[in-house]
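In case it helps, our numbering puts the sequence shown at residues 1447 to 1500. Each remark here refers to the structure printed beneath this line.
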Amino acid sequence: MASRTQETKFKRELRKKNAGKENKRARRRGTTPAFPVHTEAADKNAPNQAKKSS
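Here's what the structure looks like:
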């Protein structure tokens, strides 16, 4: 049977490992870089890019 000290150390290690797991995973994987959604060129082309219904 493990001593109380060993149990405590193990639990602390687990807590530290699991803290912020989603954020750590997201940072490792990387995210989509920021890019401008509405630019002048995109706004000018918007009517041309719209689907034409028959």
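Each residue gets a CB set at the ideal place from its N, CA and C atoms; glycine is no exception. Note that the structure is a prediction, hence the values are computed from the model and not measured.
Is residue i helix, strand or coil by DSSP?
i, result
"Pro1482", "coil"
"Ala1487", "helix"
Less than 9 angstroms separating the beta-carbons of residue i and residue j?
i, j, result
"Phe1456", "Ala1465", "no"
What is the rounded straight-line gap between the Cα of residue i and the Cα of residue j?
i, j, result
"Ala1487", "Thr1454", "60 angstroms"
"Asp1489", "Arg1475", "32 angstroms"
"Leu1460", "Glu1468", "15 angstroms"
"Val1483", "Lys1470", "27 angstroms"
"Lys1462", "Ala1472", "17 angstroms"
Is residue i near the ligand GTP - that is, is its Cβ less than 8 angstroms away from at least one heavy atom of it?
i, result
"Ala1472", "By its list of ligands, the structure shown contains no ligand whatsoever, and the ligand GTP lies outside what it can speak to."
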